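Data block below; observations after.
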Ligand code: SF4
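Residue numbers (my numbering): 20 to 717.
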């Protein structure tokens, strides 16, 4: 007998910031397949993660009951590497016992050591409603602004520069605007691997005649669609970009009318970039002067041009400076605010834009209102009925530093995995192990949960209703397709249970009610309601009226700054924090792969994806492998001043000589044991894309 037809539940992909709309096809309470729906950012397309990366939700490792650390079981950072040993240190508990224990530990730290001895890490993998409620709990229940999430390890530098330069941290145009662009610059990003469906729109544009310029130290699959491939020395973005600005200004290619009408401080950038002639910068950035001139002219002479960038720009101790240069290039050439133009930092996680908008950041409340802004604080104090601290909180890496020093003693972590994702992760693991009280809410006993006092089994994305906001500023509706396994609970419910135990009289009936309150705290959600999202599936913000489509392209008339003008901010050349030397002669960069997602918590438990990339590899150029006497597949050891890992060699012709690339999804060879925790001074983002490393054949 034929199986009954599967019911299709409309939702959104839980992985990257593209925000592809998916249909979860469900039969007998289980997802049988995932199909692409006709969403604005995917038009029925999906990549391999969206299509095949869903079976993690029923993996045997899934947590289905609350866990409590066994009395006297020591927290040992080595447990992060050994799930069985870690699991043996926990016992199952009822929800009442686990929630009481979790809340009592947090309250004890708050009441004995003060609110700033606590912190919370929320998640860009959850919904807007969860992000909003989580930060509200930390600010009003814990009493501190020590709340952050993975944006700090992602686009924090981009957001810092964008807020400073144009008054808004979000994209000025969706990536689909590439269809109207004559020139598309993709720099420090590998969308064919990390934003695969966005890459299809860029390839379509190139096929229709747009000139695609790819700029990166490594090659990528997008290069074969490019009119220009600019391979520059790692960490040398600023000299390259300043040299392009030098050409635009020096050859009089900039848009005088646009600059006069919409910007300020032109003289600062004009005078600054005069010292960056392409001929002088070429030896530093490794790009021939004539190519620098050619690309700068191409961009400046285009009627329409846009810039998209990724972690290669932001994950750097000069990430904010890198972004300042990109903003200056766009502004000089008047390439903002019209169809086919724009600045687009490609967001990494499915909801990193929304989680940031919802206030999951330590120095700002929802809507990017600074914590020391009296008017914003007053508004929220009235809305929330609670006193708020004007002092900015600590960021992700600062929180770990404070924990390591013993100044911060309790944490609540929801859906983040700092024991894998933080730089110099040995320190992060030691810091987590040192806490008096750690509460982790997740799907699996992650490397971070291995060091917890209480572990709360949470909901996976296909099990929940909620909204998410993608890289294009499209707020989209996700819907529960399957029931929760065992005793796992909705994240929103768990946050509320903890809040009540910490003295907050919360009684939200569900995500709809939370969304309604969030809309009062977040101007960007004006005219976007839960009902509308249920009806339309996706609405772009800002949105001028309840029945108007949102504004895809913004800042055509004015920027959201005090005087409506954008600012030029010059950037000087600084070296990466740790340069190669005789002892550590290679440059290490880390990142994602097409098949694996961040710390691997979900994708390594997704059968098809794990089969495609089953183990950790270090990618080097074939010539470097030969020079080291290594065959592809042979084991090697990578060592930096902070740690060492052993993994298989991979020959990758896209990796330049002198460089090594390692993905950070693999527990058994955690790339972040190697990385440098030095921070960008403005974005407070660590330098994941550059540190000195030694390669040793085994
Ligand atoms: Fe999911 Fe991103 Fe792939 Fe789309 S491109 S299916 S959002 S991982």
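All C-beta atoms, glycine included, are put in the ideal place defined by N, C-alpha and C.
Note that the coordinates shown come from a computational prediction; the quantities given were computed from them, not determined experimentally.
Ranking 489, 480 and 533 by CA distance to the CA of residue 508 puts 480 first. Between the alpha carbons of residue 657 and residue 283 lies a distance of about 47 angstroms. Within the region 467–531, complete beta strand (DSSP E) segments of at least 3 residues are found at 473–476, 485–488 and 493–497, given in chain order.
Taking a C-beta distance under 8 angstroms as the contact criterion, residue 46 and residue 25 qualify as a contact pair. Nearest neighbour of residue 624 by Cα position, chosen from 48, 68, 52 and 78, turns out to be 78. Residue environment for residue 516: buried (at least 16 other C-beta atoms within 10 angstroms of its C-beta). Counting other Cβ atoms within 10 Å of its Cβ, residue 441 reaches 16 or more and is therefore classed as buried. Going by DSSP, residue 431 is part of the beta strand (DSSP E) stretching over 429–433. Per DSSP, residue 339 is one residue of the alpha helix (DSSP H) stretching across 338–351. For residue 366, the closest of 700, 36 and 98 by C-alpha to C-alpha distance is 36.
Residue side-chain check: residue 75 keeps its Cβ at 7 angstroms or more from all non-hydrogen atoms of the ligand SF4. Distances from the CB of residue 190 to the heavy atoms of the ligand SF4 are all 7 angstroms or more. Taking 8 angstroms as the cut-off, the beta carbon of residue 338 is found no closer than this to the beta carbon of residue 190.
By alpha-carbon distance to residue 702, the top candidate from 243, 260 and 334 is 334. Within a 10 Å sphere around the beta-carbon of residue 565 sit fewer than 16 other beta-carbons, which makes this residue exposed. With a threshold of 16 other beta carbon atoms within 10 Å, residue 329 meets it and is buried.
Less than 8 angstroms divides the Cβ of residue 690 from the Cβ of residue 609. The C-alpha of residue 105 lies about 7 angstroms from the C-alpha of residue 99.
Within the region 184–272, the runs of beta strand (DSSP E) that reach at least 3 residues and sit entirely inside it are, in chain order, 202–206, 230–234 and 247–249. Only residues of its own chain outside the window of five on either side were considered, and among them 224 have a CB closer than 6 angstroms to the CB of residue 198, listed in chain order. In the structure shown, residue 148 adopts helical secondary structure according to DSSP, grouped into three states. Annotation for residue 398: the continuous alpha helix (DSSP H) segment containing it runs 393–403. The beta carbon of residue 676 lies closer than 7 angstroms to those of 640, 642 and 643 in the same chain, with the five residues before and after it left out. With 5 angstroms as the limit, the residues whose C-beta approaches a heavy atom of the ligand SF4 more closely than that are 32, 34, 35, 37, 39, 65, 66, 68, 69, 215 and 216, in chain order. Looking from the CA of residue 170, the closest CA among 381, 439 and 130 belongs to 381. Under the 10 Å beta carbon count, residue 550 is surrounded by fewer than 16 other beta carbons and is classified as exposed.
A contact between stretches requires three or more CB pairs, one per stretch, nearer than 8 angstroms, and the region 250–264 meets this requirement with the region 284–300. When DSSP states are grouped into helix, strand and coil, residue 335 belongs to the coil group. Closest option to residue 156, judged by alpha-carbon separation, among 280, 187 and 122: 122.
Using a Cβ-Cβ distance cut-off of 8 angstroms, the region 620–635 and the region 69–88 are in contact, since at least three pairs of beta carbons, one from each stretch, lie closer than that value. A residue is called buried once 16 or more other Cβ atoms fall within 10 Å of its Cβ, and residue 61 is buried on that count. Taking the C-beta atoms as reference points, residue 670 is found no nearer than 8 angstroms to residue 682. For residue 68, the enclosing alpha helix (DSSP H) has its first and last residue at 67–71.
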